[in-house]
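One structure below.
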Amino acid sequence: MPAGERNARVAGLKALPQASRSVPAEFCLLVTLVAVLLVLALGRPAVVLAFADVKSGSQEHEAVQYLVNAGVLAGYQDGTFRPGQAVTRAQAVKMLVLQQGLTPSAFSPRFKDVDATYAAYVEAASAAGWVSGYRSGVFGPYDNLQRQHLAVWLIRSFGWDAVARALPSAEVQTLLAGFSDVGQLSAESKRYVALCVKRGFMLGDGAGHLGPTAAVTRAQTALLLHRAELSTLAVASGLRFSSDHTDRTRVVLDLTAAPGVVTSEVHGGKLFVQVGQSFAPSPGLSAEVDSPEVGVVQVSQGSYRPQELSVALDLRSFSRYNVFVMTPSGGLGNRVVVDVYRKGGSADDPLVAIDPGHGGWDPGTCSVLTGLPEKTVNLAIAKHVDQMLRGVGLRTVMTRTQDVALGPTLSQDLVRRGEIANEAGATILIMIHNNAGDGSSHGTETFYWGTPATGYSVEGMRLAAVVQQRVVEAIGLTDRGCRDWYGRNLTVLDTATMPGVMVEVAFMDNPTEAALLEDPAFLKQAARGIARGALEYLGWDPDLVHLP
25 MPAGERNARV AGLKALPQAS RSVPAEFCLL VTLVAVLLVL ALGRPAVVLA FADVKSGSQE
85 HEAVQYLVNA GVLAGYQDGT FRPGQAVTRA QAVKMLVLQQ GLTPSAFSPR FKDVDATYAA
145 YVEAASAAGW VSGYRSGVFG PYDNLQRQHL AVWLIRSFGW DAVARALPSA EVQTLLAGFS
205 DVGQLSAESK RYVALCVKRG FMLGDGAGHL GPTAAVTRAQ TALLLHRAEL STLAVASGLR
265 FSSDHTDRTR VVLDLTAAPG VVTSEVHGGK LFVQVGQSFA PSPGLSAEVD SPEVGVVQVS
325 QGSYRPQELS VALDLRSFSR YNVFVMTPSG GLGNRVVVDV YRKGGSADDP LVAIDPGHGG
385 WDPGTCSVLT GLPEKTVNLA IAKHVDQMLR GVGLRTVMTR TQDVALGPTL SQDLVRRGEI
445 ANEAGATILI MIHNNAGDGS SHGTETFYWG TPATGYSVEG MRLAAVVQQR VVEAIGLTDR
505 GCRDWYGRNL TVLDTATMPG VMVEVAFMDN PTEAALLEDP AFLKQAARGI ARGALEYLGW
565 DPDLVHLP
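Be aware that the sequence shown starts at 25, since it is given in the working numbering, and climbs by one per residue.
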């Protein structure tokens with residue numbers, strides 16, 4: 025484990041009946057799923073559905089497209105959407121249930137006036153506390169839904185009920201002061217409508233009217249649902265790039281909020297970066313980078329369920345890439361950064377930097393059984409990893425091959441390790457360490473670069489996952505998982521520019537594991553797991569590779 029840092033450890037609405045109960049066409053779920061899978065695999069834009077009565081570029085166009093692609097809404101057999109048609113109470117419930125992914129209820133419906141078309145949806149929403157019926161005990165499924173009641177149901181379905189109820193009366197009054205018909209609002213719905221106004225979901229008609237008791241239309245419903253959902257996502261707000269760096273092209277996607285999980289893969293000459301919990305407004309973003317490494321970059325909505333945008337980079341000549349997430353800093357907001365590195369000549373095959381932790385004046389932790397220093401165990405494992413990777417033709421560099429420190433102070437030592445990896449042009453960096461805890465802690469864990477404050481290295485997380493899996497498979501100890509280093513950045517990984525991880529193979533203060541760490545066969549098995557993880561990350565099939 026890192027010296028000097030140990031003290032941080034702690035031991036769609038598919039069928040929308042009109043008031044007359046005519047039913048629109050159902051969109052084929054199989055076709056939709058196939059389209060989504062193609063989008064995810066190939067990075068193509070989502071399907072654009074043209075409705076004769078929804079004008080491209082209109083206020084509701086993007087909302088309708090989004091919700092249709094998400095499976096919340098559908099059009100009619102005649103190719104129309106009917107944006108001005110009123111939405112019934114049952115139709116609205118089904119929209120909300122589909123939007124939130126709530127499972128329709130199989131229990132007997134509590135409202136006897138709700139037929140089989142909507143009973144499961146109404147029951148599920150009612151059980152969740154989103155909706156209620158009339159005082160007479162009926163639901164009125166085919167009654168037109170009032171705008172104020174949609175506001176109540178919408179806020180509850182997103183889990184913001186407590187937020188609405190906590191709005192101070194003075195703020196509610198201020199938020200609604202610009203509308204001349206607020207007197208029509210019921211006492212129950214007033215705070216919910218105020219929250220919708222505050223968050224920009226309800227805007228009024230532009231003439232000072234909210235129309236709270238008016239029947240809400242399909243277009244209005246689409247707008248409210250879309251605006252509410254977008255408020256929970258990281259929306260793409262800009263695309264920047266720079267090819268002025270001496271060794272790379274950098275592409276930056278600016279976002280309005282922190283994204284969800286970010287993944288990446290190279291496929292068909294393109295680098296696809298999938299950004300979770302995010303949205304790319306139509307028609308997306310694009311940039312002609314035209315650098316030696318990158319051609320065109322396109323940002324589009326890759327998937328609506330789950331909500332995920334796709335960044336597609338046309339790759340030219342490159343040696344490696346790195347993807348990481350950054351949180352607001354230096355006047356910049358949340359962003360996803362993609363670095364595509366320049367080829368450096370003939371030596372463009374992957375290079376693995378191997379860092380045996382500690383050394384010289386820094387012993388690391390010591391075996392509870394014999395006092396064997398961690399630095400010795402780390403170096404033994406690292407030499408096995410180096411031999412195995414070189415044996416299959418990979419290039420490697422070790423930060424140390426003897427019992428030496430790399431600097432006179434801890435800080436200088438740690439920085440130098442990252443610098444060696446940088447100077448070698450390493451593709452990935454693997455730090456090899458062993459752990460210490462409270463004497464009873466046990467198992468294997470792997471750390472990657474990043475903190476909640478700085479963001480995370482997406483590729484570092486991916487490397488950590490495969491290395492952790494392969495090491496646990498190889499040595500059979502408890503899987504303690506992958507994580508950041510207790511809310512702090514490890515200095516070596518902070519210095520290195522490539523994806524890197526720190527593997528903590530076992531606990532030297534646990535008697536059982538300490539004994540294993542003095543067994544040469546165990547050390548070689550641990551090295552085999554690390555090597556297999558590195559190979560898998562680099563695109564090899566480790567099950568088809570014979571490691572010496």
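Built from N, CA and C at the ideal position, the CB exists for glycine as well.
| Item | Value |
| --- | --- |
| Inter-stretch contact (C-beta, 8 Å, three-pair minimum) for the segment 406-418 and the segment 487-504 | no |
| Of the residues L547, M526, R507, R494, the one placed nearest R556, counting alpha carbons only | R494 |
| Integer Cβ distance of G505 from V349, believed to fall under 8 Å | Wrong, their Cβ atoms sit about 19 Å apart, outside the cutoff. |
| Per-residue burial, T394 [other beta carbons within 10 Å of its own, 16 or more giving buried] | exposed |
| Of the residues P236, A282, A238, H250, the one placed nearest A258, counting alpha carbons only | A282 |
| Opposing strand residues paired with C390 [DSSP bridges] | P397 |
| Candidates T470, V187, L547, of which the one nearest M485 by Cα | T470 |
| Residue burial classification, P41 (beta-carbon count within 10 angstroms, cutoff 16) | For P41, the pLDDT reaches just 28, beneath the cut-off of 50, and the residue's location in the model is therefore unreliable, although a value from the coordinates is still provided. Counting Cβ neighbours within 10 Å, P41 comes out buried, since at least 16 surround it. |
| Within 9 Å, strictly: CB atoms of D379 and I454 | yes |
| Alpha carbon of L562 to alpha carbon of G230, nearest angstrom | 57 Å |
| Inside the segment 512-546 only - beta strand (DSSP E) runs reaching at least 3 residues | 524-531 |
| Inter-residue Cα distance where the pair is D268 and P523 | 22 Å |
| Straight-line gap, V335 to G355 (C-alpha atoms, nearest Å) | 23 Å |
| Close beta carbons around V162, own chain, < 7 Å, minus the five adjacent residues each side | F135, D137 |
| The segment 113-123 / the segment 87-96 touching (three or more Cβ pairs under 8 Å) | yes |
| Start and end residues, beta strand (DSSP E) containing M350 | 344-350 |
| Rounded Cβ spacing between D338 and R272 (contact assumed at less than 8 Å) | With 8 Å as the limit, D338 and R272 do not qualify as a contact, their Cβ atoms being about 16 Å apart. |
| Length-filtered (4 minimum) alpha helix (DSSP H) runs lying within the segment 116-173 | 143-151 |
| Exposure of A252, with buried meaning 16 or more beta-carbon neighbours within 10 Å | buried |
| contact_flag[the segment 390-406, the segment 432-446] where n(CB pairs < 8 Å) is 3 or more | no |
| Which of helix, strand or coil DSSP assigns to W509 | strand |
| Buried or exposed by the 16-neighbour rule on C-beta atoms within 10 Å, applied to S181 | buried |
| Through-space distance from L547 to A404, alpha-carbon basis | 7 Å |
| 8 Å Cβ shell around N513 - same chain, five flanking residues per side excluded | W473, G474, T475, T478 |
| Distance, T141 Cα to A65 Cα | Its pLDDT being 37, under 50, A65 is placed unreliably by the model, and nothing is read from it. |
| R486: first and last residue of the uninterrupted alpha helix (DSSP H) it sits in | 482-499 |
| Burial state of Y365 (16 or more Cβ within 10 Å) | buried |
| Proximity to T104 [Cα-Cα], best of R242, G417, E528, Q115 | R242 |
| CA nearest to the CA of V286, picked from E195, T280, V297 | V297 |
| Proximity winner among E317, G431, R274, relative to R359 (alpha-carbon distances) | R274 |
| DSSP three-state assignment for H250, whether helix, strand or coil | helix |
| Bridge partner(s) assigned by DSSP for D205 | DSSP output for D205 lists no bridge partner at all. |
| Span of the alpha helix (DSSP H), counted from its first residue to its last, around A76 | Counting along the chain, A76 falls outside any alpha helix (DSSP H), and DSSP gives it neither H nor E. |
| Simplified DSSP assignment, three categories, for N402 | helix |
| Buried or exposed (CB count within 10 angstroms, at least 16 for buried), Q197 | exposed |
| Simplified DSSP assignment, three categories, for M412 | helix |
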